[in-house]
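Asker:
Protein chains in written order, with our numbering: chain A, 394 to 751; chain B, 394 to 751; chain C, 394 to 751; chain D, 394 to 751.
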């Protein structure tokens, strides 16, 4: 279904080229200060046309609050948000009406539903993530009250990777450059790579690293809804994501148990801490109070401005000539989406944890 | 919560050293041939004490069917399964009653619930996965009717990796050796590595590769419950899992779009296929009829038979002397658990897909 | 939460005097012919200002389709519907900002949320049911394909009751008069009673009888989600409803088992039928192919145009002078709401039944 | 599905004549004192063979705790409870294997699932409610901590009704007689009526009145999951229930708004109260701190010891000769079931309310 979350729950709707996209946020506690400015700021980070590295398509992505906020605060009732699509009628999509674009969802939607809104990918378009970003902005306001902050940044584009871990970076620099990489030298190399890829009409993938600070111990549900399992599902639900790892991740499989275990100690303030953090702040699916960190793998986007051989819905071979304006690399615009999904998972887990207290 | 799945849904219960563990399977269609032999065979693959590479602890893990099966077939009503724990009273767990074992869930459960059943990890023990394996065996019977088969194998232990992809292996060899690796030479090296690790009282992690054959196009839900997002959550919910990737995965971030895209073609039988399968059989979250494949990263298990420094529940530093009988490497026994979770996700998606048809 | 249904699922949002109200319909199968005319027709039956018996307030209640419908048919993706509120700023609600109106939700919302949107009842206003009616119209299109028809009518106002059962009425007459009672003589008496009540600034309650025709045997889920339990919850969730009964209902408690049992027989066409239908078409929570019928009790609405003694949010006694334009009797406008909820329950059950088939 | 509740959630399993029935309780907070004695006491109230008015069938209904309770307290993990069926093999059910008993679920289960466990009603048997009663006993321990008490009693059998409201009764007398009616003279008449009905091999229905004391204001969810809507669904899910009303109920439709409205006032202790309680303690779906009360209509049970004409699964007319031992009136044994469902709804609502607090 088009719903995510258990207690802090969102339901999104809308297609790429229909009247608009939107979201209903249900379960947000009353009394959270939210206005359209807060939400708009998050949307502006995801919006196309921000820099030369993203699609030159321009959409204002103006959010309208339909319900749930009164006199500047949430009321506890569902928050409806609407983002109108602009010039949805102005493009010609007849060239893909019957084509199955390689590595897109055209074929699978047709198989599942027997039809699809083929204009710009319809429901399968990444445009849907704007609704998530709007909702994530509300979740982040709630989490700010709890002292929890989610951040993410581009840590790799193609083979160009940030050479150090998140804890050695100044995360205040994330928005200081077009690629949203807080390591300036690497950011320059990433920028250069994306330019090259764009100029040869290709696309490139990469990694986003997510960090959550200020999480108290005790968030997460045992067994199936482990905190990292929910984070993983959230990230894997984002368009173009192919992998998720947290803490030591895939590299942790190369360590022995004696190296990997995180020894507990009590610090000078009497707080329980671990000397290393291979656990990524989560043990047994529940937060342990250390930083949570994870990495998300994005494939190179499927829309390339090169001719490709594929088939149409009659099974006949066709050549599809790329056209339009598209991102050569989605990573910079993926950052606010990763933030949004992280915020939504954490907000849900904060609410779920409340039910367990005696 | 302790429930997984939407329409084919399981709820597990039980602690490592309580009376027993079990599962209620709800939503399994009527008319599926299931008996205790089928379920027992799956449990026997997960059972401790199978080989010198796993814990010498012996539990018969005998399943009892409590409901939902009549005259050898499912009736559509919930299937209750119970596995009694054996000699649950015979061990002494007083040494960990107040200790927070490194990289275990002792501390986090205490933080969440204010108490825990400390005997053998209680609810956080991997013993819970026996209930999943039992349920997965029922799901697999249902999927067999649909022509869907899920398989998995150990593809890496520490740094010892199978040098080829799943499509170049004889998957009939998975159970031909103790490590459940269908590449015999690699299996021998893995075995040798696990022996060494065991002898120096350490543990080692690795990777399990999962493959699903015979999946029709059209399974999976758009947006949040994408097929791979549900698979990812399922895998990440297994004890000790740190990462999940499908199709090209993390390595796919190094390819350009022009290399990564899977071109469609119509084969000689008129079936729609793709020339490559970087998509891992899933596009836009929905199966496209090609093989599904994915990889799951398991950390080295936290229980090591070496003294470790940690703290107790008063925050005081203590030294914990490892004892008991434990697996030096969980990978071989993880294979039936990965199979079970894959079967559960697919069974759920088959049922969910039925609702979409006009 | 603000979500109803399992597979055919709606989420509503919006307050009485905010920008608008709306609904997201998730899970509606693809390929159902729906346009705004269909939905508008249902909304027009619920709209205020239809006759002298309802509130003279006039709202066009114009629906806008935001997503999920393409080229006149559902696509399987979520259907977003929006109904703008009109002149939401034009009324003065300062007289109830701090007052707790008797038998309204003012006090309880304040207790639950610590605040409320006090304008016209906010989220607790029956205006929310317009969103349900819009969604029910879509469900009804889906059910029409299945041969299922839900109807309801006003069977009692105050003490004025239709003297015969639904099976002796011409249900085509429901919309032939202002009270939506298909028994013309009774309709006239009801009309007269409502006029009298209105003229003395009071309100009156009554009963709606619901009937569902064409339901195949086998719909409904055993144990908790029995078909009549879901219908009951659906009806009880409508504003002002105090009771629900189906089949023989409360009066059935006066019969003995030998009188109450419905004997099965096979009719001349070979169909299984029952000689009586005290079961109301549902046995063990599952439809048996006979007509489903039920009754819903609505209290007299709480808003009366008379001075009432109550308290404010400081606990001080105040006198509240009634003002504004309100329905003396909600029953006529409740009919389309009962229809909508019936359609939503049935559509959900049709989809849920599909998952059980082998 | 076989699951009830959102945060305090139960999943039941088991057939009348399989190995046993049981329940998994998920979401019960940690730290609640529960032992098997508490649960057994509730089961003993529901058990057959308690008095001459109930079936002489004797089942010990001994509960076994399988998980979730450690050192006498809940741990926050799922609580598995198992009740073995006794002599499940000893009866002969061949006479109903192919028969569709009037007003039972035989026909509808066959239509839904294509088969059924015909022994004693299988899953559709009221035996399933023993699992609910066991779970309700745990919920009641949790509610006791919150100062909330649910009680119910038989208020009508056939036409014999308690002549006064619950507030004029000594509810401590509920278990003082066989029929669980706290009005001694009425209880005697009810007893006499049940004896007569039993002796002529018939059955009789009636009403159970439920009361919940000590509910704080603010429990309940707006719109769909109104407190009374959840109570209604819970009651309607009990075998043989045909109707539900709360507060003024069906009779309230005969009052005018000026009579029905409950005026607020502040009492001498400064508490907000209402002068009447037609609202039944619930306004806008949320508790207002006054007593909650409701009535549940039970039909006469379908199993009668008289020959009845019906059909078999080939559609052929047959005469079914009643046999076995059955309750002439389920009302006395329905009381603990109503209590259980009330406790489950309230426990769920207490947990859900926690999520709304800022």
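Note that beta-carbon positions come from the ideal geometry of N, C-alpha and C, so glycine has one too.
Enumerate in chain order the residues of its own chain whose CB-to-CB distance from residue 784 (chain D) is below 6 Å, with the five nearest sequence positions on each side excluded.
Answerer: Because chain D is modelled from 394 through 751, residue 784 (chain D) falls outside the range shown and cannot be assessed.
Asker: Pull up the distance between the alpha-carbon of residue 465 (chain B) and that of residue 513 (chain D), whole angstroms please.
Answerer: C-alpha separation (whole angstroms): 18 Å.
Asker: Which class does residue 417 (chain C) belong to by DSSP, given the choice of helix, strand or coil?
Answerer: strand
Asker: So who's on the other strand from residue 630 (chain B), going by DSSP bridges?
Answerer: Partner(s): none; residue 630 (chain B) has no beta bridge.
Asker: Who pairs with residue 636 (chain B) in a beta bridge, going by DSSP?
Answerer: In the DSSP output, where bridge partners are listed per residue, residue 636 (chain B) has A:638, B:690.
Asker: Check residue 596 (chain D) in the structure and name its three-state DSSP category.
Answerer: coil
Asker: Which of the three DSSP states is assigned to residue 650 (chain C) in this structure?
Answerer: helix
Asker: Would you give the residue range spanned by the beta strand (DSSP E) that residue 549 (chain A) belongs to?
Answerer: 542-550
Asker: Please identify the residue among B:598, B:659, B:526, B:395 whose C-alpha is closest to the C-alpha of residue 572 (chain B).
Answerer: B:598
Asker: Excluding sequence positions up to five away, which residues of its chain have a Cβ less than 7 Å from the Cβ of residue 759 (chain A)?
Answerer: Examination of residue 759 (chain A) is not possible in this model, given that chain A is present from 394 through 751 alone.
Asker: Measuring alpha carbon to alpha carbon, tell me which residue in C:671, C:632, C:701 is nearest residue 642 (chain C).
Answerer: C:671
Asker: Can you confirm whether the segment 565-581 of chain D touches the segment 691-711 of chain D when touching is taken to mean that 3 or more C-beta pairs between the two stretches lie within less than 8 Å?
Answerer: no
Asker: Any heavy atom of the ligand NAP closer than 6 Å to the CB of residue 589 (chain A)?
Answerer: Ligands are entirely absent from the displayed structure, and the ligand NAP is therefore not among its contents.
Asker: Assuming residue 687 (chain C) contacts residue 723 (chain C) (C-beta within less than 8 Å), just tell me the rounded distance between them.
Answerer: Contact flag wrong, Cβ pair sits at about 18 Å.
Asker: Starting from the C-beta of residue 637 (chain B), find all residues in its chain whose C-beta is less than 8 Å away, skip the five residues before and the five after it, and write them out in chain order.
Answerer: 624, 625, 628, 629, 687, 688, 689, 690
Asker: Restricting to runs no shorter than 3 residues, where is the beta strand (DSSP E) found entirely within the segment 400-448 of chain A?
Answerer: 402-407, 413-419
Asker: Within 7 Å (strictly less), CB to CB, does residue 417 (chain C) reach chain A?
Answerer: yes
Asker: Report yes or no: is there a C-beta of chain C within less than 7 Å of the C-beta of residue 510 (chain A)?
Answerer: yes
Asker: Would you mind telling me which residues of chain B sit closer than 7 Å to residue 548 (chain A), beta carbon to beta carbon, in chain order?
Answerer: Near residue 548 (chain A) there are no residues of chain B at all, since even the closest Cβ is about 11 Å away, more than 7 Å.
Asker: Cβ of residue 746 (chain B) within 7 Å of Cβ of residue 535 (chain B)?
Answerer: no
Asker: Indicate whether at least one CB of chain B lies closer than 7 Å to the CB of residue 688 (chain C).
Answerer: Against chain B, the CB of residue 688 (chain C) has no partner CB under 7 Å away; the residue lies outside that interface.
Asker: Pick helix, strand or coil for residue 614 (chain C), following the three-state DSSP scheme.
Answerer: coil
Asker: Which residue from A:423, A:427, A:445, A:432 puts its Cα closest to that of residue 592 (chain A)?
Answerer: A:445
Asker: Comparing C-alpha positions only, which one of B:557, B:588, B:586, B:590 sits nearest to residue 575 (chain B)?
Answerer: B:557
Asker: What does the Cβ neighbour count give for residue 487 (chain D), buried or exposed, with the cut at 16 atoms within 10 Å?
Answerer: exposed
Asker: Could you name each continuous beta strand (DSSP E) segment of 3 residues or more that falls completely within the segment 681-738 of chain D, going from the start of the chain to the end?
Answerer: Complete beta strand (DSSP E) runs here, min 3: 685-691, 701-705, 710-713.
Asker: Check whether the Cβ of residue 617 (chain D) lies closer than 7 Å to any Cβ atom in chain B.
Answerer: no
Asker: According to DSSP, residue 486 (chain C) sits in a beta bridge with which residue or residues?
Answerer: Bridge partners of residue 486 (chain C): none, in fact.
Asker: For residue 426 (chain B), which option in B:439, B:407, B:472, B:700 has the closest C-alpha, if you only look at C-alpha atoms?
Answerer: B:472
Asker: List the residues of chain B that residue 402 (chain C) touches, going by C-beta distances under 8 Å, in chain order.
Answerer: Chain B residues near residue 402 (chain C): none, gap ~11 Å exceeds 8 Å.
Asker: I'd like the span of the alpha helix (DSSP H) that includes residue 522 (chain B), first residue to last.
Answerer: Residues 522-539.
Asker: What residue range does the alpha helix (DSSP H) around residue 506 (chain A) cover?
Answerer: Annotation for residue 506 (chain A): the continuous alpha helix (DSSP H) segment containing it runs 499-506.
Asker: Return the CA-CA distance between residue 665 (chain B) and residue 529 (chain A), expressed in angstroms with no decimal places.
Answerer: 38 Å
Asker: Report all residues from its chain with a CB closer than 6 Å to the CB of residue 719 (chain A); omit the five preceding and five following residues, and keep chain order.
Answerer: If we look at residue 719 (chain A) and ignore the five residues flanking it on each side, its Cβ neighbours are 448, 696.
Asker: Please state the DSSP three-state secondary structure of residue 354 (chain B).
Answerer: Absent from the structure is residue 354 (chain B), since the part of chain B shown begins at 394 and ends at 751.
Asker: From what residue to what residue does the beta strand (DSSP E) around residue 456 (chain B) run?
Answerer: 456-458
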